[in-house]
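Peer 1: Numbering (the working numbering), first residue to last: 362 to 529.
Have a look at the structure that comes next, please.
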Amino acid sequence: MTAQRPQNAARPRPGPGPVKTENGLSGPELSEADFERISAIAYKAAGLAIGAGKTAMVRTRLARRLRALKLPSFEAYCGYLDGEDGAAEIGFLVSALTTNVSHFFRENHHFKILRQEVLPPLVERARAGGRVRIWSAGCANGQEPYSIVMTMIEAGMPPDGDVRVLAT
Numbered sequence: 362m363t364a365q366r367p368q369n370a371a372r373p374r375p376g377p378g379p380v381k382t383e384n385g386l387s388g389p390e391l392s393e394a395d396f397e398r399i400s401a402i403a404y405k406a407a408g409l410a411i412g413a414g415k416t417a418m419v420r421t422r423l424a425r426r427l428r429a430l431k432l433p434s435f436e437a438y439c440g441y442l443d444g445e446d447g448a449a450e451i452g453f454l455v456s457a458l459t460t461n462v463s464h465f466f467r468e469n470h471h472f473k474i475l476r477q478e479v480l481p482p483l484v485e486r487a488r489a490g491g492r493v494r495i496w497s498a499g500c501a502n503g504q505e506p507y508s509i510v511m512t513m514i515e516a517g518m519p520p521d522g523d524v525r526v527l528a529t
């Protein structure tokens, strides 16, 4: 998902550089309350479920937005999200928190495991008339499930079997 800036929105300008904190990370601290607020917004806007263990990832990925908006803290950022420009900023938030890279056979080592370990018993199941279901979660633009299907065909999956790939 690529967010686009509304025509009337100001171009973000780089703010001051990162600041080292006592925990060794750069940029402002992300409180539990701000993390929960950002997580709730991401879930409501895009269905992103961000686990508690992802605090550092959220902090790192959104620090650039704080600098661009010249906001001193994540508390101020949450206030900005609730303000009149918040709706436009939510697209930037979602884009920053998601993986926007997509290409055929991305993460090739996953396809090696799929080809060598996962598919052989599934091919046998399909050939015996059994049902096969594969779920490709977190697809950016569809190249991931097509890569799975191509790998399935190469592995000998019967074209007339009860085989489905769900892409979300």
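C-beta: ideal position from N, C-alpha, C; glycine also.
1) I'd like to check one pair, leucine 442 with glutamate 450: are the Cβ atoms closer than 7 Å?
2) By a C-beta neighbour count over all protein chains shown, 10 Å radius and 16 as the cutoff for buried, is threonine 460 buried or exposed?
3) Does the Cβ of isoleucine 514 have 16 or more other Cβ atoms within 10 Å, making it buried, or fewer, making it exposed?
4) According to the Cβ coordinates, are alanine 528 and serine 508 closer than 7 Å?
5) What residue ranges within the segment 410-442 form continuous alpha helix (DSSP H) runs of no fewer than 4 residues, ordered along the chain?
6) For alanine 424, I'd like the list of residues in its chain whose CB is within less than 6 Å of its CB, leaving aside the five on either flank, ordered along the chain.
7) Can you tell me which residues form a DSSP beta bridge with alanine 498?
8) On the three-state DSSP scale, how would you describe phenylalanine 465?
9) On a CA-only basis, which of Ile495, Gly414, Met518 and Gly412 is nearest alanine 487? Give me that one, please.
10) Taking just the CA atoms, how far does cysteine 500 sit from glutamate 397?
11) Could you work out which residue in Arg494, Ala516 and Thr421 is closest to arginine 525 when comparing CA atoms only?
12) Thinking C-beta only, is histidine 464 closer than 7 Å to glutamine 504?
13) Tell me the rounded alpha-carbon separation between isoleucine 399 and leucine 475.
Peer 2: According to the structure data:
1) Stepping through the sequence shown from its first residue, residue 450 is reached at position 89. Stepping through the sequence shown from its first residue, residue 442 is reached at position 81. Their beta carbons are under 7 Å apart, which means glutamate 450 touches leucine 442 by this criterion.
2) Your numbering for residue 460 matches position 99 in the sequence shown. Exposed, since its Cβ has fewer than 16 Cβ neighbours within 10 Å.
3) Start at 1 with the first residue of the sequence shown, and residue 514 comes out as number 153. Around the beta carbon of isoleucine 514, fewer than 16 other beta carbons sit within 10 angstroms, so the residue counts as exposed.
4) For the purposes of this step, residue 528 is identified with residue 167 of the sequence shown, where counting begins at 1. For the purposes of this step, residue 508 is identified with residue 147 of the sequence shown, where counting begins at 1. It is not a contact, given that the beta carbons lie outside the stated cut-off.
5) Entirely contained in the segment 410-442, the alpha helix (DSSP H) runs reaching 4 residues are, in chain order, 416-429.
6) As a first step, residue 424 must be located in the sequence shown, where it is residue number 63. In the same chain as alanine 424, and ignoring 5 residues on each side of it, the C-beta atoms closer than 6 Å to its own belong to Gly388, in chain order.
7) As a position in the sequence shown, residue 498 is number 137, starting the count at 1. DSSP lists no partner for alanine 498.
8) Here residue 465 refers to the residue found at position 104 of the sequence shown. Phenylalanine 465 falls in the coil class under three-state DSSP.
9) Taking the sequence shown and counting its residues from 1, one reaches residue 487 at position 126. Out of Ile495, Gly414, Met518 and Gly412, Met518 has the C-alpha closest to the C-alpha of alanine 487.
10) Looking up residue 397 in the sequence shown gives position 36. Looking up residue 500 in the sequence shown gives position 139. Answer to the nearest angstrom: the Cα atoms are 25 Å apart.
11) For the purposes of this step, residue 525 is taken as residue 164 along the sequence shown, with counting starting at 1. When Arg494, Ala516 and Thr421 are compared, the shortest CA-CA separation from arginine 525 is found for Arg494.
12) Here residue 504 corresponds to residue number 143 of the sequence shown, with the count starting at 1. Here residue 464 corresponds to residue number 103 of the sequence shown, with the count starting at 1. Yes, the pair counts as a contact, with Cβ atoms nearer than the cut-off.
13) What you label residue 399 is simply residue 38 of the sequence shown in a count that begins at 1. What you label residue 475 is simply residue 114 of the sequence shown in a count that begins at 1. Near 35 Å, if we compare the C-alpha coordinates of leucine 475 and isoleucine 399.
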